[in-house]
Structures are given as C-alpha cells and as structure tokens.
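Remarks on the structure that follows.
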Amino acid sequence: MVSVARPLADSLADAADPNAWLAGARAGLPAEDLAQLERAFSLAREQYAGRKLGHTDEEMFSHAVHAAAIIADLNLPSVTTAATLLAGLPLCRDDAHAWLTEKMGKEVADLVEGVARLGRIAEFAGQSDAVTPEARAQQAEAMRKMLLAMVADIRIVLIKLAWRTQTMHWLAKVPDEQVRRRIARETQEIFAPLANRLGVWQIKWELEDLAFRHLEPDNYKKIAKLLDERRVERLQFIEDVLSTLRSELAQAGVRADVAGRAKHIYSIWKKMRKKHLDFSELYDIRAVRVLVDKVSDCYAVLGMVHSLWQPIPGEFDDYIAHPKANDYKSLHTAVIGPQDKVLEVQIRTFDMHEHAEFGVAAHWRYKEGGRGDGEYEEKIAWLRQLLDWREEVSDRQGLASAFQTALFSDTIYVLTPQGRVVSLPQGATPIDFAYALHSDLGHRCRGAKIDGAIVPLSTPLENGQRIEIMTVKEGGPSINWLHEGWVKSHRAITKIRQYIRQQNAHVAIDAGRVAFEKELAKLPPGQQPNLEQVAEKLGHARIEDMYAAIGHGELGMRAVHHALLALLPPEPPPELEPEDIVHKSRAGHDASGILIEGVDNLMTVLAKCCKPAPPDPVVGFVTRGRGVSIHRANCVTLKRLSAEAPERLISVDWGLQEGSVFAIDIEVMARDRSGLLRDISDVLSREKLNVTAVHTQSRDAHARMRFTIEVRQVADIQRVLARVGDVNGVQEVRRI
5 MVSVARPLAD SLADAADPNA WLAGARAGLP AEDLAQLERA FSLAREQYAG
55 RKLGHTDEEM FSHAVHAAAI IADLNLPSVT TAATLLAGLP LCRDDAHAWL
105 TEKMGKEVAD LVEGVARLGR IAEFAGQSDA VTPEARAQQA EAMRKMLLAM
155 VADIRIVLIK LAWRTQTMHW LAKVPDEQVR RRIARETQEI FAPLANRLGV
205 WQIKWELEDL AFRHLEPDNY KKIAKLLDER RVERLQFIED VLSTLRSELA
255 QAGVRADVAG RAKHIYSIWK KMRKKHLDFS ELYDIRAVRV LVDKVSDCYA
305 VLGMVHSLWQ PIPGEFDDYI AHPKANDYKS LHTAVIGPQD KVLEVQIRTF
355 DMHEHAEFGV AAHWRYKEGG RGDGEYEEKI AWLRQLLDWR EEVSDRQGLA
405 SAFQTALFSD TIYVLTPQGR VVSLPQGATP IDFAYALHSD LGHRCRGAKI
455 DGAIVPLSTP LENGQRIEIM TVKEGGPSIN WLHEGWVKSH RAITKIRQYI
505 RQQNAHVAID AGRVAFEKEL AKLPPGQQPN LEQVAEKLGH ARIEDMYAAI
555 GHGELGMRAV HHALLALLPP EPPPELEPED IVHKSRAGHD ASGILIEGVD
605 NLMTVLAKCC KPAPPDPVVG FVTRGRGVSI HRANCVTLKR LSAEAPERLI
655 SVDWGLQEGS VFAIDIEVMA RDRSGLLRDI SDVLSREKLN VTAVHTQSRD
705 AHARMRFTIE VRQVADIQRV LARVGDVNGV QEVRRI
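If you want it as structure tokens, here you go:
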C-alpha cells in the first residue's frame, strides 16, 4: 500500500519545543536506539550552547532539532537522526570527527564529516561565475550530480537537505536581502532538484515554495492570494467531486482510493509561465487522483469520469499504453466538472503509483524540464527506494550498508578556480580538464595544481578537487600524452589529434619515427622485421606514411607492437661456440650451470636473443639436434617458439658454477655529442666489466648504443645502469 508522508509543517511545529520533540521521538524506539538519540540530543545542546549560524544568525541547537525532526519523519534509522542533531559540530570544534567517534561511534562521525565536506564544496561551487540562465542551469545540473557522486552514503545528502530546509524556514528573519536571495537561488537551483531526484517530495515542495517566496516575492504573494481567496470554495469543489466519484465507484464495484491532489505555489507559477496561461485557466488547480487495483479498472474509471463530465479535447494522455521514457504509467485527463470548472484527473494502479513514487525518477523530466540520462535515472531510482527500506531491513548493519553506493563511478566532478563544475570520465587527468575548458588551454598546458599543490599532468583526478592549469605562452600538445595513456576524454583525444595533424608533415613523421624506433629497440638483436612489411601490415603503402600516422596519434603503439611481433623472422638454429656451452647436465649436480629436471646429459646453450644470466627466471626449449636452448622466461622469441611447439618446453634452473660469466646486452639512448662513447666506456671500465661488443647508431642528434658485457649475475648490472644513467646526455639506459 502507498504510504502518505506527514505534513512537514507538523514536524517543524513539534520541534519548536526541543524537549517535547525528543519525548515524541522516543516513542517506539528500541532501548539501544533511544540511548543513542538521547546522547546525541544532550551533546548537541552542550556543544551548541550560545552559538548561532553565521549566515542566518539562527541558534544552532534550535536549527539542529528542527532538521532532526524532518529526518525522523523520513523513517530513517535513529542513527541518522542522531547524526543530524550533531551535523553542525565541525563548526564548533576542529577535532569533531575524533571526538564524535569516541562519543557516538564511527557511523555518526562519518555522517557528520560527510555533511561538513559536502557543505564546503557546495559553498565554493556556488560562487560559479556563470552569468546566463543557460549557463547557470548547466552548472546547477553538474553541481547536483557532483554532490551525489561525492558521497559514499546517501544519508549525507538527506541530512544536508534537512538542514537547508530549516534554513529556508528561518530565512525570512535574515535582514540582508542579498544574503536571502543568494541562499534562495542556491536552494532553487541545487537543493530542491536534489530532493526531487531522491524522492523526498515534502522537502522538495517546501524548498521550491520558500525559495520562490524570496526570489519572486510579488509573484509569490499574487498566487498565494489567489489560492487563499478561493481556498474554501476550491476545497468544497474537490470534496463534491470526491463524493461523486466514490459513489459511482462503489456502485460499479471498483475498489479505489480517491483523494485531492495538492498543487504548490512554485509549480503553479512555472506552469503559468510555461504555457502562458492565466491563473483561472490552469486545469490542475483543481485536481484529483484515483488509485485502483488493475489496469482494466483504470480504463473503466476513465470511462466513468468521461460519462460524468465532458472531456476537454487534446487534454487526454494515455501513459499506460505509451509509457514515458522513464517508464512512468498513468492516465491523465481534464474535464469540465461541476459548476463548469476545469478539473484534472489522474488514474493509475497502486503499483504504478508506487513506481512513480519510488522507482525511476518519473517526474524528473516533467518537473525540471530536462531530458536527463536514462542510466543516471536508474541509479537515482535505486537511491530513492532506500528511503522506504526501514521495514524491509531490520538488521542495523545491513541497513547501513544498504545506503553505501558506488553507483557514480563512471564520472567524476571537479571544480575550476572560479567554482565552475566540470564533469569528466573516471581516470581523467589535468590534460582532460584543460581541454574540457578550452582547446587552447589544453594545447598550452604544461603543469597543474590540485587544491593548490603542484602535480604531474598524468595524475588521475578525484571528485570535488579544485584544479588549476599552468600554461606556456606558446606551444602545442605532445603526442606522448596519447601514447602514455594520459588522456581519457574523447574531446581531449580528438583535439590533440587535430592539432598534430595540422602541423607540418615532417614534424609528424619525425615524431612517429622516434616513437617507432623506441618500440623497435625492444626487439631482440638481429630479430628485426622488414619495415616495409610492417608498414603494409598496418595498412600503409610507405614507411613514411606509417610514421606520419604514429606521429598524428592515429596509429597506437600497441598495434605497432603486435605487428612487429607477428613479423619477427624465425629464430635461427643456435650455433654452438665453445664459450656458449655451459654443461652437459646431470640432474641433481649442483655445481653445473643449468639444472634440467628429470633429464641427464643434455647439452645446454644460452640463447643469444635474450642473453639470460642468474638470477633471471629461465625456461628451456629443446632444439632439433642442438640440445636445450636456455631463454629468459619473458623472452619474445621464446613466446613465439612455445606457441608453435609447447611440448618442447622444459623446466630448468641455475646451478652454482663458480667463476662463470654471462653475456648480457644493455642499450643506451642519449643526445649525441662528442666524447659520449668514451664517457660511457670509462664507466664500464671503472666497474671492471669486460665489453665484448659495441654497436652505435646516430640520427638527428640522437644516439642509440648497444653494449654486450660479461657479468656474473644480473644483480651486478643494476649499479652499472645507474652509473651510466648519470653520464651527461644519457636519457635512458636499460637491459634488453
């Protein structure tokens, strides 16, 4: 059955006497909940004593009790009411969270801290510099989504709404008109729509009407006067209609619930303005709602209404046969009722009404005028249903966990220095933020600050952070932003590619060549594929075209990597040289260089493609007639061989052969200069390493060098890599 909320005014009247409210709130509470509520009440009275809220000058304790009365009427757990009483504590003491954790427990402390954080963000974002109505509406929408995305517990938003509702009831006593209008506008744009989306209709209507009262005082008074002048007459009209309907329904044997439907001042004004109607022309000033058991009864009641009173052409909507996009279902009709006055009638089943109240946010588009996001509405619908879960979830911990939500993990909301809210995909970085504001800002960004602290451009952003972009006067984006995965938003990726494509062709080709050669350098020596074949495999007739595609960001390095691996030439049979032969292994002989599990007297050879050395994880591959080739476990060639003949893999390990040395390759990338090779060789000499081969290549003032050196174990090389990396001009040094 559909529940009917107690009028909000009753809750606030009860709260006028805090002690009387507490006495009423005690009713029906278990002993544990009662003790918690009384403790919160006592702490609030003690901590708020003599304190007033800065922006309205209202006594904090009175404000908190009124807000708690609103929360209590939502039938939320008493822990939420307790947290509402104490939600102003961060204004009184710096150690609020620790103090509350000790006094009231972590759940209450976390709720209070969440409300405080939400308030700080809302206050800052409310300073947005949006000027036009369209810009303000867009910012308000982003702000509402950000507030919901930021909280891990939806009760935090409900507590904030309750505190805001009491602020609006007190607002008429604030002497400063600018303060009143600022708070009212923030309420109208942010908090009333939030209440609507969470299904807290009584709070929504209160916030809308009270905000309208301060923003449009003349229109508010005019409509209020018109409603008041005809109130008695209108109530009698509705009562006559209800009596007629109940009689007809009883005669027809249809079980139904018939009631008048209240219309609020702000809603009336919006409809008058939208449809350019006079007050007397509004159909739904006089409105009733009929709830029945079955769909067939809906149409039976519709026929009954149309037989009683003349339907108005063009004012019938069948949302049962043709539901709204949010699955809202109902019959709407308008008729010429008694005394020739227009009457609006809504007819739906009890189930449809419950869905309209607690399911998908059916009134979102209708009330707020936006199209909305279907997926987002489903998330909000789930949250709204939580408000009616108290009877279904008796376990305290189960109910608390039910309120926890990570539903908004696909989007984050951050702030500009001016308070504008910007929505970005999860994982977005300052680069995405810069491009979301302006393409030129994105092109010139070279650094960022998050909440005042300088961070790398690759830093993932989080909800509620304030972002500031640091720029250069001239410059453009780096293709590496794409290749390194620092950009997540479609807009930023598109703008970067467009910019790079517009640059001179040779710039893109050079950038692509450098990126390609870095990928090429990862392959084993002597195993590099034919570049023309690589270009062709990637869909380009010429190597330069392939470079240009890479430079423009149109061709990713992952695709290049896969193409290179696919075109690797087959590994040549290993040519055994005297120094390559480690041992004809005997299983269990711990003095050998390689141990082969379960096999004796097999010749082993260290593969030249990856040059393994202790303590590298190694795998053996049985060659045809040349013993076992020993590879590093992550060797590219081994992966290809194992895919072709997995049965020829065998387990091997390093033995303990004293005095053994192993050849490994290191690669150095550096700015080319005179004396570079000499300086690197000096480092290797000082480390007493034997260099058996050197290969150098220089192009466009960049040098790539490959050294083959002999070591006893891999650990020896870590110090050498660090020393070589310190040589002037060296940009990267690694083992390959």
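5 is the number of the first residue of the sequence shown in the numbering used here; add one for each residue after it.
Each residue gets a CB set at the ideal place from its N, CA and C atoms; glycine is no exception.
What you are looking at is a predicted structure, and each value in this text was computed from that prediction instead of being measured.
Own chain, CB closer than 7 Å to Val8, minus 5 neighbours either side, in chain order: Model confidence at Val8 stands at a pLDDT of 36, short of 50, so the residue's coordinates are unreliable; what they give is reported in the following sentence. Here the set comprises nothing.
Would DSSP call Trp658 helix, strand or coil? DSSP places Trp658 in strand when its eight states are reduced to three.
Under DSSP, the beta strand (DSSP E) around Gln350 begins and ends at which residues? Looking at the DSSP string, the run of the beta strand (DSSP E) that includes Gln350 is 346-353.
Per DSSP, which residues does Ile670 bridge with? Please list them. Phe711, Arg739
Kindly indicate which three-state DSSP category Gln722 falls into: helix, strand or coil? helix
Applying the criterion that 16 or more other CB atoms from any shown protein chain within 10 Å of the CB defines a buried residue, is His587 buried or exposed? Any reading at His587 must be qualified, since the residue scores a pLDDT of 36, below 50, and its modelled position is unreliable; the value itself is stated next. Buried, by the Cβ-count rule.
Report the rounded CA-to-CA distance for Leu253 versus Glu62, giving the unit in angstroms. 51 Å
Backbone CA spacing between Ala545 and Asp704 [nearest angstrom]: 24 Å
Tell me the DSSP bridge mates of Val698? Phe711
C-alpha distance - Cys613 paired with Glu558, whole-angstrom precision: 31 Å
Where are the alpha helix (DSSP H) runs, 4 residues long or more, that stay fully inside the segment 166-213, in chain order? Taken in chain order, the unbroken stretches of alpha helix (DSSP H) that lie wholly in the segment 166-213 and span 4 residues or more are 181-190, 196-201.
What are the boundary residues of the beta strand (DSSP E) that includes His336? Looking at the DSSP string, the run of the beta strand (DSSP E) that includes His336 is 335-340.
Could you check the C-alpha separation between Trp209 and His336 for me, to the nearest Å? 22 Å
How is Lys226 classed by DSSP in three states: helix, strand or coil? helix
Please name the residue in Ser678, Arg450, Phe711 whose C-alpha comes closest to that of Ser689. Phe711
Which residues does DSSP pair with Glu472 in a beta bridge? Lys453
Closest Cα partner of Lys492 within the set Val715, Thr105, Leu461, Arg30: Leu461
Counting C-beta neighbours from all protein chains within 10 Å, is the total for Gln255 16 or more, i.e. buried, or is it exposed? It counts as exposed.
With DSSP as the reference, label Asp620 as helix, strand or coil. coil
Three-state secondary structure (DSSP) at Gly729? helix
Alpha-carbon spacing of Val687 relative to Ser678, whole angstroms: 16 Å
Can you tell me the Cα-Cα spacing of Arg424 and Asp620, whole angstroms? Near 53 Å, if we compare the C-alpha coordinates of Asp620 and Arg424.
In the DSSP assignment, the alpha helix (DSSP H) including His101 goes from what residue to what residue? 100-108
Which word fits Gly624, buried or exposed, when buried means at least 16 other C-beta atoms lie within 10 angstroms of its C-beta? buried
Can you pull the DSSP bridge partners for Lys56? Its beta-bridge partners are Glu63.
Are there three or more Cβ pairs, one per stretch, closer than 8 Å when the segment 89-101 is compared with the segment 115-122? yes
Integer-rounded CB distance, given that Ala199 should sit under 8 Å from Leu165: The beta carbons of Leu165 and Ala199 sit about 5 Å from each other, so the pair counts as a contact at 8 Å.
Please report the residue range of the beta strand (DSSP E) in which Leu428 lies. 425-429
On the three-state DSSP scale, how would you describe Gly264? strand
Determine the closest residue to Thr60 out of Val178, Leu681, Thr420, with distance taken between C-alpha atoms. Val178
CA-CA distance, Ala73 and Trp25? Answer to the nearest angstrom: the Cα atoms are 8 Å apart.
Go through its chain and collect everything with a Cβ distance to Leu219's Cβ below 8 Å, but skip five positions before and after it. Arg185, Ala188, Arg189, Gln192
So, is Thr696 buried or exposed, given that buried needs 16 or more other C-beta atoms within 10 angstroms? exposed
Between the alpha carbons of Gln735 and Ala525, how many angstroms are there, rounded? Linking Gln735 to Ala525 through their CA atoms gives a straight-line distance of about 14 Å.
Pair within 9 Å by beta-carbon distance, Leu57 and Leu95: yes
Of all the options Thr700, His699, Arg723, which has the alpha carbon lying nearest to the alpha carbon of Glu691? Arg723
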